[in-house]
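**Student:**
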Amino acid sequence: MSGVEITNVSKSFGSLETIHGISFSIEDGSFVALIGPSGCGKSTMLRMISGLETISDGTISIGNKLANALPPKDRDVAMVFQNYAIYPHMTVAENIGFPLRLRNLARAEIDKAVTETAAILNLEPLLKRYPKALSGGQRQRVAMGRAIIRRPSVFLFDEPLSNLDANLRVQMRAEIKKLHQTLGTTMIYVTHDQIEAMTMADKVVVLRDGRVEQSGPPLDLYDRPANRFVASFIGSPAMNFLDAEAVDGEIRLKGGQSLRLRFAATHPEGKLVFGIRPENIGLSGDGLPVRVDLVEPTGAETHLELDLAGHSLVAVVRERVMTSPGDVLHVTFDPRAIHLFDPETGEAKPAEVIAV
Amino acid sequence: MTERLFHRLAAWSLLAFATFLTLYPVAWMLSASLKSSGEIFTTSTFHLGSRGFGNYLSAFGERPFFIYLLNSVAAASVSVIITVVLGVLAGYSFAKFRYRLAPLFWLVVLISVMIPLEAIVIPLFLEVHAFGWTNTYAGLILPTAFNVVGIFIFRQAIISIPDAYIEAARIDGASELKILRLVVLPMVLPSAVVVAVLTFNLAWNSYLWPLIVTSDDLMRTLPLGMAAFQAGFDTKYGEVMAVSVFGALPTAVFFLMLQRYFVEGAVASGVK
Ligand SMILES: Nc1ncnc2c1ncn2[C@@H]1O[C@H](COP(=O)(O)OP(=O)(O)OP(=O)(O)O)[C@@H](O)[C@H]1O
Ligand SMILES: [Mg+2]
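Heads up: the sequence lines are chains B and U, in that order. According to my numbering, the stretch in the first sequence is residues 8 to 363, in order. According to my numbering, the stretch in the second sequence is residues 371 to 642, in order.
#1: Since Pro285(B) and Ala322(B) should fall inside the 8 Å C-beta cutoff, what is the C-beta to C-beta distance between them, to a whole number of angstroms?
#2: Please work out which residues of its chain come closer than 8 Å, Cβ to Cβ, to Leu171(B), disregarding the five sequence neighbours upstream and downstream, and give them in chain order.
#3: Interface residues of chain B around Gly543(U) at Cβ under 9 Å?
#4: Express the C-alpha separation of Ile528(U) and Gly461(U) in angstroms, rounding to a whole number.
#5: Considering only the beta carbon of each residue, do Val161(B) and Ile69(B) sit closer than 8 Å?
#6: In chain U, what lies closer than 8 Å to Asn90(B) by C-beta?
#7: Say the cut is 7 Å; is the CB of Ser57(B) nearer than that to a heavy atom of ligand 1?
#8: Report the rounded CA-to-CA distance for Glu123(B) versus Ile155(B), giving the unit in angstroms.
#9: Measuring only between beta-carbons, confirm whether Met194(B) sits less than 8 Å from chain U.
#10: For the alpha helix (DSSP H) holding Gln221(B), just list the boundary residues, first then last.
#11: Looking only at its own chain, which residues have a Cβ that is under 7 Å from the Cβ of Ser37(B), when we skip the five neighbours before and after it?
#12: Here's the rule: buried if 16 or more other CB atoms are within 10 angstroms of the residue's CB, otherwise exposed. What is Val454(U)?
#13: In angstroms, rounded to a whole number, what distance separates the CA positions of Ile26(B) and Glu546(U)?
#14: In the segment 107–136 of chain B, which residues sit with their C-beta less than 7 Å from some C-beta in chain U, listed in chain order?
#15: Does the beta-carbon of Leu496(U) have 16 or more other beta-carbons within 10 angstroms, so that it is buried, or is it exposed?
#16: Examine ligand 2 and report whether any of its heavy atoms sits within less than 7 Å of the Cβ of Lys49(B).
#17: With a threshold of 8 Å between beta carbons, is Lys548(U) in contact with chain B?
#18: Using a Cβ-Cβ cutoff of less than 7 Å, which residues in the same chain neighbour Ala316(B) once the five nearest sequence positions on both sides are dropped?
#19: Going straight from the alpha carbon of Asp200(B) to that of Asp334(B), what length do you get?
#20: Write down the C-beta distance between Thr309(B) and Val299(B) rounded to the nearest angstrom, noting that I regard them as a contact closer than 8 Å.
#21: Quick check: is the beta carbon of Leu59(B) nearer than 8 Å to any beta carbon in chain U?
#22: So who's on the other strand from Asp314(B), going by DSSP bridges?
#23: Would you mind working out which of Val610(U), Ala618(U), Val623(U) sits nearest Gly431(U), comparing C-alpha positions?
#24: Is it true that the CB of Ala539(U) sits closer than 8 Å to the CB of Val553(U)?
#25: Taking the straight line between their C-alpha atoms, what separation do you get for Ala92(B) and Asp64(B)?
#26: In whole angstroms, give me the CA-to-CA distance for Pro224(B) and Asp81(B).
#27: Can you say whether Ala253(B) is buried or exposed, counting buried as having 16 or more other CB atoms within 10 angstroms of its CB?
#28: In whole angstroms, what separates the C-alpha of Val280(B) from that of Leu347(B)?
#29: Show which residues of chain B have a CB atom less than 7 Å away from the CB atom of Pro556(U).
#30: Between which two residues does the alpha helix (DSSP H) holding Glu494(U) run?
#31: Fully enclosed by the segment 46–80 of chain B, which beta strand (DSSP E) runs are 3 residues long or longer?
#32: Span of the alpha helix (DSSP H) holding Ile528(U)?
#33: Helix, strand or coil: which one does DSSP assign to Asn425(U)?
#34: With a CB to CB cut of under 6 Å and the five nearest residues on each side skipped, what residues in its chain are close to Ser449(U)?
#35: Could you round the C-beta distance between Ile536(U) and Lys606(U) to whole angstroms and report it? I think they count as a contact, below 8 Å.
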């Protein structure tokens, strides 16, 4: 087992730099999710850690050992690919035992390890089958079996669940998390699905365009996003952003509508972006009047598309609201759940706000 | 309903006609090999003649056809082995590795496909002669053993293998040769069969190079032996046909054995 230290890592393909000096550290035994929109460099980052891709600049250490120049096989990492990459001409048992076969272990030893690994993943009845006779979830488990049989010090996953249907994805998510608890090995998990990242990881690293936007425990990112990008990327439905300004210590929407919120201590002035998550909007008789545009009951909760003085707003409420488009409701914003951002840079502006 | 039946019938008759055109010379060869010289041009193709296996026996009595056969089998087998081994190595390299000299190497491959043997046969002979390889198996087999087309077929097949298979093996600790042997080759087996059959055929029918590089009768391959046999002043067509049947058999057997893979591989390399 070992941690991974990424320091100032850059990557250029030809003359085009796609990763721009990324640093973050992964503690021994932790589960870290790399998340970001398509093309932000998640896979490239993972491939550099595995050694499949060279590093243009910076250092990567695995278990306190500089890995920059180590070939993949000497890094003691195992990788699970998005398309599983299990060999069609080998049975499940042969696939799982492949890494040990490459190390020229004795047949009996390999068989024993394969049986043990298959037991962890509930694959025993399938050992003699070929991949074409397996379901997507079973293939996924075979790919994981091939990774864990080696007992590597770091596991790398590149969007391992994105080819599965929604139900299976939830089930495999839980299995991978349990596997992490059982093995206690460092795991680095790439995904573009923020729910996966939030539910599985101890630490989430949000990437955009080859840079780290923010990293930290999932709930920290949710509660205190460092900028508008992270705020919009984490959480579903996404945070509402409204153009606003601070006037005399009070927050008003563009157009003048008061939000009935004011600053407790500091008094920033001028334009800002007001952010509120849909789940932090409450319905209350003495709140701000809003017009209902759309009602989407999901059973557990109700999604509302609202219009607040010409600004559109999404709210998620737990109670069942009997309302229809065109009605007028009244909303309040939880002052502790308010996020303010600089309209130019998108940086979060920490400020304490109270209701008035 | 009747229209469909009509289409069926039309298709079947077309196929039957094509099959007949293809098989007629073969049938003619088979029946002629059992006939005396007089019978060949006077009796129908479906007449079985009076010689029985007499043509076969007399032809084999006159010339060492078994030696020719062994020479041909040796040459074709070595050619197949060399082509498959080098072809899969080169194909893997061209398909999955990027390096500065790769385009140059690829150009060399293209050029060597485009230059026919006839164009370089004299300098090649001089070179082989300088090695002292005339009338030796090395000289007979090696200079033309490698079939460049093997590189193309393997490259094409390997390109379609997703990189993840290869990278997974690399992370798991496989050397490139092991990746080739345990992962890549099994996945392109049908293409390997195509390469083997094409190369076997090419080597089997090779005429010009063996003709030039051998003069010793016992070094000859089947096509040479057959040609020499035929070239006598009185051509005995019955015996020539007997020898032709004998020469065609091994390729037919080889093809039938690998037919399943061959069709699969030919289709795959056509589609991809
Ligand atoms: N081999 C390559 N050659 C050139 N550019 C590449 C190469 N691999 C990746 N890139 C570029 O690097 C950037 C990051 O790619 P990467 O595959 O890491 O994205 P990603 O975050 O994994 O996206 P996705 O969610 O779509 O998988 C992209 O702009 C991509 O075009
Ligand atoms: Mg990716």
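All C-beta atoms, glycine included, are put in the ideal place defined by N, C-alpha and C. Source: prediction; values computed, not measured.
**Tutor:** Taking the coordinates as given:
#1: Position 278 of the first sequence, counting from 1, holds the residue named residue 285(B). Position 315 of the first sequence, counting from 1, holds the residue named residue 322(B). That belief holds up - the Cβ atoms of Pro285(B) and Ala322(B) are roughly 5 Å apart, short of 8 Å.
#2: Along the first sequence, one-based indexing puts residue 171(B) at 164. Taken in chain order, the residues that qualify are Gly143, Gly144, Gln147, Met179.
#3: As a position in the second sequence, residue 543(U) is number 173, starting the count at 1. Those are Pro79, Lys80, Asp81, Pro106, Leu109, Arg110, Arg157, listed as they occur along chain B.
#4: Your numbering for residue 461(U) matches position 91 in the second sequence. Your numbering for residue 528(U) matches position 158 in the second sequence. Looking at the backbone, the Cα of Gly461(U) and that of Ile528(U) are separated by about 7 Å.
#5: In the first sequence, residue 161(B) corresponds to position 154, counting from 1. In the first sequence, residue 69(B) corresponds to position 62, counting from 1. By the CB criterion at 8 Å, Val161(B) and Ile69(B) fall inside the cutoff.
#6: In the first sequence, the residue the question calls residue 90(B) occupies position 83. Going along chain U in sequence order, the residues near Asn90(B) (Cβ under 8 Å) are Pro532, Ala534.
#7: Walking along the first sequence from the start, residue 57(B) turns up at place 50. No; taking the cut-off as 7 Å, the Cβ of Ser57(B) has no heavy atom of ligand 1 nearer than that.
#8: The sequence position of residue 123(B) within the first sequence is 116, counting from 1. The sequence position of residue 155(B) within the first sequence is 148, counting from 1. Our two residues, Glu123(B) and Ile155(B), have alpha carbons roughly 10 Å apart in a direct line.
#9: On the first sequence, residue 194(B) is found 187 positions in, with the first residue counted as 1. No, Met194(B) does not count as interfacial toward chain U.
#10: For this step, residue 221(B) is matched to residue 214 along the first sequence. Following the DSSP letters along the chain, one finds Gln221(B) in no alpha helix (DSSP H) but inside the beta strand (DSSP E) bounded by residues 218–223.
#11: The sequence position of residue 37(B) within the first sequence is 30, counting from 1. So the qualifying residues of the chain are Thr193, Asp209, Lys210.
#12: Locating residue 454(U) in the second sequence gives position 84, counting from the first residue. The residue is buried, with at least 16 neighbouring Cβ atoms inside 10 Å.
#13: Counting from 1 along the first sequence, the entry for residue 26(B) is found at position 19. Counting from 1 along the second sequence, the entry for residue 546(U) is found at position 176. Ile26(B) and Glu546(U): Cα-Cα distance of roughly 28 Å.
#14: With the criterion set as a beta carbon lying under 7 Å from some beta carbon of chain U, the members of the segment 107–136 of chain B are Leu109, Arg110, in sequence order.
#15: Residue numbering aside, residue 496(U) sits at position 126 when the second sequence is read from its first letter. Taking all protein chains shown into account, Leu496(U) has fewer than 16 neighbouring C-beta atoms within 10 Å of its C-beta and is therefore exposed.
#16: As a first step, residue 49(B) is located in the first sequence; it is residue number 42 there, counting from the start. Indeed, a heavy atom of ligand 2 lies less than 7 Å from the Cβ.
#17: As a working mapping, residue 548(U) is identified with position 178 in the second sequence. Closer than 8 Å: yes.
#18: If you number the first sequence from 1, residue 316(B) lands on position 309. Excluding positions up to five away in sequence, the list reads Leu260, Gly262, Gln264.
#19: Here residue 200(B) corresponds to residue number 193 of the first sequence, with the count starting at 1. Here residue 334(B) corresponds to residue number 327 of the first sequence, with the count starting at 1. Note on geometry: alpha-carbon atoms of Asp200(B) and Asp334(B) lie some 35 Å from one another.
#20: Counting from 1 along the first sequence, the entry for residue 309(B) is found at position 302. Counting from 1 along the first sequence, the entry for residue 299(B) is found at position 292. Contact annotation, Thr309(B) with Val299(B): C-beta distance approximately 11 Å; criterion of less than 8 Å not satisfied.
#21: Mapped onto the first sequence, residue 59(B) falls at position 52. Chain U places a beta carbon closer than 8 Å to that of Leu59(B), counting this residue as a contact.
#22: The residue labelled residue 314(B) in the question sits at position 307 within the first sequence. Answer by DSSP bridge pairing, in chain order: Arg298(B), Ser319(B).
#23: Along the second sequence, read from residue 1 onward, the residue named residue 431(U) stands at position 61. Scanning Val610(U), Ala618(U), Val623(U) for the CA closest to the CA of Gly431(U) turns up Val610(U).
#24: Counted from its first residue, the second sequence places residue 553(U) at position 183. Counted from its first residue, the second sequence places residue 539(U) at position 169. Their beta carbons are under 8 Å apart, which means Val553(U) touches Ala539(U) by this criterion.
#25: In the first sequence, the residue the question calls residue 92(B) occupies position 85. In the first sequence, the residue the question calls residue 64(B) occupies position 57. For the pair Ala92(B) and Asp64(B), the Cα-to-Cα distance works out to about 29 Å.
#26: The sequence position of residue 224(B) within the first sequence is 217, counting from 1. The sequence position of residue 81(B) within the first sequence is 74, counting from 1. Going by the C-alpha atoms only, they are around 30 Å apart.
#27: For the purposes of this step, residue 253(B) is taken as the residue at position 246 of the first sequence. Ala253(B) counts as buried, since at least 16 other C-beta atoms from the protein chains shown sit within 10 angstroms of its C-beta.
#28: Against the first sequence, residue 280(B) aligns to sequence position 273. Against the first sequence, residue 347(B) aligns to sequence position 340. For the pair Val280(B) and Leu347(B), the Cα-to-Cα distance works out to about 6 Å.
#29: Working through the second sequence from its first residue, we reach residue 556(U) at position 186. Against chain B, the beta carbon of Pro556(U) has neighbours under 7 Å at His96, listed in chain order.
#30: If you number the second sequence from 1, residue 494(U) lands on position 124. The displayed chain sequence assigns Leu, not Glu, to residue 494(U). Its alpha helix (DSSP H) spans residues 487–500.
#31: Complete beta strand (DSSP E) runs here, min 3: 64–69.
#32: Here the question's residue 528(U) lines up with position 158 in the second sequence. Ile528(U) -> alpha helix (DSSP H) spans 519–529.
#33: In the second sequence, residue 425(U) corresponds to position 55, counting from 1. Looking at Asn425(U) - three-state DSSP - the assignment turns out to be helix.
#34: Taking the first residue of the second sequence as 1, we reach residue 449(U) at position 79. Excluding positions up to five away in sequence, the list reads Ala515, Thr569, Ala573.
#35: In the second sequence, the residue the question calls residue 536(U) occupies position 166. In the second sequence, the residue the question calls residue 606(U) occupies position 236. For Ile536(U) against Lys606(U), the beta-carbon gap comes to about 58 Å, at or over 8 Å, which does not count as contact.
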